[in-house]
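Novice: Take a look at the following structure, please.
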Amino acid sequence: MTMNGKDTIEYYRTRFQIEFCFRDAKGFTGLTQCQARDVAKLSFNFNVSLTSVNIAKVLAKERKISISMASLK
Numbered sequence: 194m195t196m197n198g199k200d201t202i203e204y205y206r207t208r209f210q211i212e213f214c215f216r217d218a219k220g221f222t223g224l225t226q227c228q229a230r231d232v233a234k235l236s237f238n239f240n241v242s243l244t245s246v247n248i249a250k251v252l253a254k255e256r257k258i259s260i261s262m263a264s265l266k
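Under this note's numbering, the first residue of the sequence shown carries the number 194, and numbering increases by one thereafter.
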């Protein structure tokens, strides 16, 4: 596999953004609180939780404010 340094940095940047999204979803939007067993209900919970984190981040970016998920709780 051949990859230059710039690509490696971009992959790690993307990876960390995904990890931060999951961390925020677990800690602040109830990703791990669902007790459902049905696949459709679990999928809905995952989607709502991750979407709410992303919406909060987009709104903060549009308003040009620096936020943490803890400040939105």
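For every residue, glycine included, the Cβ atom is placed at its ideal position computed from N, Cα and C.
1. Is it buried or exposed for residue 259, if we count other Cβ within 10 angstroms and need 16 for buried?
2. Count the other CB atoms, across all protein chains shown, that sit within 10 Å of the CB of residue 242; report buried if there are 16 or more and exposed otherwise.
3. Determine the direct distance from the alpha carbon of residue 252 to that of residue 230, and round the result to whole angstroms.
4. Run the CB neighbour count on residue 218, radius 10 Å, all protein chains shown included, and call it buried at 16 or more, exposed below.
5. So what does DSSP say about residue 216, is it helix, strand or coil?
Specialist: Considering the structure as presented:
1. exposed
2. buried
3. 32 Å
4. buried
5. helix
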